[in-house]
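Some notes on the structure that comes next.
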Amino acid sequence: MKWPYLVLAVCGIALAISTVAAQNAPLPPIKTPTLQRAPELASWTISFKYSNAGTAQHRRTDPDPVQSITVTKAGTTYREQIAHASGQTGEKWIFEDAQLQIVKGGFVVIVETPSTGKSSPEFNDYNTCDFGGMEWVSPSHFRSAQPYQGRAAYLFEVPKGQGKATAVLSADTQWPLLYSDEEVTCTYTFNAPPQELTPPEKILTILKKHKAGLQKLKLHSSPP
Numbered sequence: 351m352k353w354p355y356l357v358l359a360v361c362g363i364a365l366a367i368s369t370v371a372a373q374n375a376p377l378p379p380i381k382t383p384t385l386q387r388a389p390e391l392a393s394w395t396i397s398f399k400y401s402n403a404g405t406a407q408h409r410r411t412d413p414d415p416v417q418s419i420t421v422t423k424a425g426t427t428y429r430e431q432i433a434h435a436s437g438q439t440g441e442k443w444i445f446e447d448a449q450l451q452i453v454k455g456g457f458v459v460i461v462e463t464p465s466t467g468k469s470s471p472e473f474n475d476y477n478t479c480d481f482g483g484m485e486w487v488s489p490s491h492f493r494s495a496q497p498y499q500g501r502a503a504y505l506f507e508v509p510k511g512q513g514k515a516t517a518v519l520s521a522d523t524q525w526p527l528l529y530s531d532e533e534v535t536c537t538y539t540f541n542a543p544p545q546e547l548t549p550p551e552k553i554l555t556i557l558k559k560h561k562a563g564l565q566k567l568k569l570h571s572s573p574p
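If you count the sequence shown from 1, position 62 lands on 412 in the working numbering, and the numbers rise without skipping.
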């Protein structure tokens with residue numbers, strides 16, 4: 351009665367062959383743009399791990415470095431939920447023409463954008479790219495196709511400082527799975543998309559006042 355064992359062995363070999371075949375299957379051609387935008391409704395978490403050099407650099411500029419950012423997208427509105435090493439949390443709302451951040455104590459501050467003539471370090475431009483810091487990813491920086499954590503992926507590299515920056519994109523979505531350089535490694539996890547994204551009332555109130563102020567500024571600065 352060795353038939354059951356023989357059947358199991360054959361099934362095991364078939365599974366192994368199919369797994370290898372899947373890994374060696376040709377990947378789909380890279381779409382344009384290389385770094386695809388997230389869908390209209392999407393959510394992802396970026397986790398940060400700093401190297402020794404990166405930790406020292408970030409502590410000079412920020413004594414409480416960011417550990418993770420969860421981005422939620424609904425059309426042209428974005429929310430960033432920021433977690434720091436100390437456990438302190440923050441929140442930022444990004445609209446087409448304004449960015450507002452909820453800071454310690456629940457106060458709301460307006461993030462300076464290039465349209466104001468200045469640009470805050472807190473400013474993230476989502477107008478052309480959903481994944482900041484990876485705008486450089488392009489066919490000219492493609493290095494290889496290789497598995498990443500069991501997923502088919504594309505590897506890109508570009509010189510940065512004394513070393514290089516590396517990006518890994520999922521082959522099926524062309525969304526990032528990993529970014530790394532000499533200072534930091536960022537891993538991307540995509541979450542279930544939101545049903546909707548509604549800003550808090552205090553954010554909407556300040557946004558309305560901010561837009562009204564900008565409109566007045568435009569009127570006063572317009573030539574007669």
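We put the beta carbon where it would ideally sit given N, CA and C, even for glycine.
Closest Cα partner of residue i within the set the options
{"i": "W394", "options": "K561, P543 and T382", "result": "P543"}
{"i": "D412", "options": "F506, Q499 and H434", "result": "H434"}
{"i": "P489", "options": "L505, F481, Y529 and I432", "result": "L505"}
{"i": "E430", "options": "D414, E532, G563 and E472", "result": "E472"}
{"i": "Q565", "options": "D447, D480 and F492", "result": "D447"}
{"i": "A515", "options": "Y498, H491, T426 and R501", "result": "H491"}
{"i": "A388", "options": "N477, G511 and D414", "result": "N477"}
{"i": "F540", "options": "T420, V416 and P378", "result": "T420"}
{"i": "T537", "options": "I396, M484 and T426", "result": "I396"}
{"i": "Q417", "options": "P376, K510 and G440", "result": "G440"}
{"i": "G482", "options": "P376, Y400 and A517", "result": "A517"}
First and last residue of the uninterrupted beta strand (DSSP E) at residue i
{"i": "P526", "result": "P526 to S530"}
{"i": "V330", "result": "In the structure displayed, the chain extends from 351 to 574; residue 330 sits before or after that span and is not available."}
{"i": "F506", "result": "R501 to K510"}
{"i": "K381", "result": "Looking at the DSSP string, K381 is not in any beta strand (DSSP E), and its letter there is neither H nor E."}
{"i": "K514", "result": "G513 to S520"}
{"i": "S418", "result": "V416 to A424"}
{"i": "L450", "result": "Q449 to I452"}
{"i": "L391", "result": "L391 to Y400"}
{"i": "F481", "result": "Counting along the chain, F481 falls outside any beta strand (DSSP E), and DSSP gives it neither H nor E."}
{"i": "Y498", "result": "F492 to Y498"}
{"i": "V534", "result": "V534 to F540"}
{"i": "E441", "result": "T439 to I444"}
Inter-residue spacing [alpha-carbon to alpha-carbon] between residue i and residue j
{"i": "K558", "j": "F445", "result": "12 Å"}
{"i": "N402", "j": "T535", "result": "12 Å"}
{"i": "Q496", "j": "E546", "result": "36 Å"}
{"i": "D531", "j": "K381", "result": "25 Å"}
{"i": "K454", "j": "I460", "result": "14 Å"}
{"i": "A503", "j": "H560", "result": "43 Å"}
{"i": "L528", "j": "A562", "result": "40 Å"}
{"i": "I432", "j": "F398", "result": "11 Å"}
{"i": "Q512", "j": "P378", "result": "33 Å"}
{"i": "G456", "j": "D475", "result": "24 Å"}
8 Å Cβ shell around residue i - same chain, five flanking residues per side excluded
{"i": "V458", "result": "L450, Q451, I452, K552, I553 and I556"}
{"i": "V424", "result": "Per the sequence shown, residue 424 should be read as Ala rather than Val. For A424, where only same-chain residues beyond five positions count, the Cβ hits under 8 Å are E390, L391, P544, E546 and L547."}
{"i": "A359", "result": "Residue confidence for A359 is low, a pLDDT of 35 falling below 50, so the modelled location carries little weight; the figure read from the coordinates is stated next. Result list for A359: empty, nothing under 8 Å."}
{"i": "D414", "result": "H434, A435, S436 and Q438"}
{"i": "C479", "result": "L385, R387 and E485"}
Residues near residue i in its chain [Cβ-Cβ closer than 6 Å; skip 5 each side]
{"i": "W486", "result": "V508"}
{"i": "K442", "result": "E430 and Q451"}
{"i": "T422", "result": "S393, R429, P544 and L547"}
{"i": "T426", "result": "E446"}
Contacting residues, own chain, Cβ-Cβ under 7 Å from residue i (five flanking each side not counted)
{"i": "T576", "result": "The chain is shown from 351 up to 574; residue 576 falls before or after that span and cannot be answered."}
{"i": "K510", "result": "D531"}
{"i": "Q386", "result": "T523, Q524 and W525"}
{"i": "Y400", "result": "H408, P415, E533 and V534"}
Using a Cβ distance threshold of 8 Å, determine whether the region 549-557 contacts the region 521-532, with at least three qualifying pairs required.
Segments in contact, no.
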